[in-house]
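In this note's numbering, the protein residues as written are -15 to 288.
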């Protein structure tokens, strides 16, 4: 939304969309909106995944200075920064429920949705057991209301669904998956068909180590896990505060992973069917998730 074109205060407009979810924290200064959350949605997760690397969703510490940063004044880039073959790590946008949105391609350049890696909401977990989407979560339109953005790209532009902000039919998109509008300004659209997200950044972003920089870091407990051919995730249950159970079948045999998380440790119980039950306790791992080093902005921190 362009405040000068609609009379809407951009800070309040964006903040109010995120505030619809009580698990999301927002603050802002003159330059950025800062978004914090635990990275987990209100909807169930992981169910239906058939191409699984044994990762499970855990709460993430997107808080303090480890926040998502959305520019309040987007700057049009001299030339677009396209997603294909770039930005294969980390987020490209943040959904209004506080869950990050990644490139529709995985880190091998494959479209995640097309190869069974995603649940019915378009998400899965990364190597840090961090839940994220690889599509624009159009189901959030029922949460925010019709004709409102369901996400904001990390260049600051809003992301709408398959109709225009005034409710009219979707118009032709440019090579970034967005377009300008005399009333609503430049914005992107998510789609129910490939490529599912916008395809490039119309605004200025910095790519560093294969991701938009800066962005918050995820925290992992477990070492990276490997693919489990033949597995299908059948259920995900919240057993209590930070206590979860993920159920799956492996070649028809029922199995599950039960786990609980605190800031200092993660306790996992693996039910491996006929192979028996094993338990592991993990401590937080350094440099988990988003990168090899702390990519938080050192020149600009959230207001306190």
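Virtual Cβ for every residue (Gly too), placed ideally from N, Cα, C.
Determine the extent of the alpha helix (DSSP H) in which residue i is found, giving its start and end residues.
| i | result |
| --- | --- |
| residue 255 | Segment 250 to 255 is the beta strand (DSSP E) holding residue 255; no alpha helix (DSSP H) there. |
| residue 77 | From DSSP, residue 77 is part of no alpha helix (DSSP H) but of the beta strand (DSSP E) over 75 to 79. |
| residue 1 | -6 to 2 |
Rounded to a whole number of angstroms, what is the C-alpha to C-alpha distance between residue i and residue j?
| i | j | result |
| --- | --- | --- |
| residue -13 | residue 167 | In this predicted model, residue -13 has a pLDDT of only 48, less than 50, meaning its place in the structure is not dependable; the value taken from the coordinates is given anyway. If you take the alpha carbons of residue -13 and residue 167, they lie about 10 Å apart. |
| residue 142 | residue 55 | 11 Å |
| residue 279 | residue 20 | With a pLDDT of 34 at residue 279, under the threshold of 50, the predicted position of this residue should be treated as unreliable, though the coordinate-derived value follows. If I take the Cα positions, the gap works out to 16 Å. |
| residue 199 | residue 258 | 42 Å |
| residue 157 | residue 35 | 31 Å |
| residue 38 | residue 70 | 25 Å |
| residue 174 | residue 261 | 42 Å |
| residue 53 | residue 17 | 6 Å |
| residue 4 | residue 122 | 16 Å |
| residue 139 | residue 29 | 27 Å |
| residue 231 | residue 181 | 29 Å |
| residue 74 | residue 252 | 26 Å |
| residue 229 | residue 110 | 17 Å |
| residue 46 | residue 137 | 17 Å |
| residue 58 | residue 91 | 27 Å |
| residue 124 | residue 134 | 6 Å |
Whose C-alpha, out of the options, is nearest the C-alpha of residue i?
| i | options | result |
| --- | --- | --- |
| residue 205 | 199, 246, 173 | 246 |
| residue 194 | 232, 231, 261, 72 | 72 |
| residue 159 | 137, 183, 40 | 183 |
| residue 48 | 244, 201, 216 | 201 |
| residue 99 | 113, 250, 169, 178 | 178 |
| residue 250 | 227, 233, 187, 256 | 227 |
| residue 26 | 131, 213, 171, 80 | 80 |
| residue 255 | 266, 234, 207 | 234 |
Mind checking residue i: buried by the 16 CB within 10 Å criterion, or exposed?
| i | result |
| --- | --- |
| residue 203 | buried |
| residue 60 | exposed |
| residue 185 | buried |
| residue 217 | buried |
| residue -6 | buried |
| residue 44 | buried |
| residue 236 | exposed |
| residue 88 | buried |
Grab the span of the beta strand (DSSP E) containing residue i for me, first residue to last.
| i | result |
| --- | --- |
| residue 85 | 84 to 86 |
| residue 36 | Careful: residue 36 lies outside any beta strand (DSSP E) and carries neither H nor E. |
| residue 53 | 52 to 55 |
| residue 9 | 9 to 12 |
4 or more residues per run - each alpha helix (DSSP H) lying fully within the region 100 to 155: Listed in chain order, the complete alpha helix (DSSP H) runs (minimum 4 residues) inside the region 100 to 155 are 125 to 128.
Only counting runs of 3 or more residues, tell me where the beta strand (DSSP E) segments fall wholly within the region 154 to 242, in order along the chain. 171 to 173, 184 to 187, 215 to 224, 227 to 234
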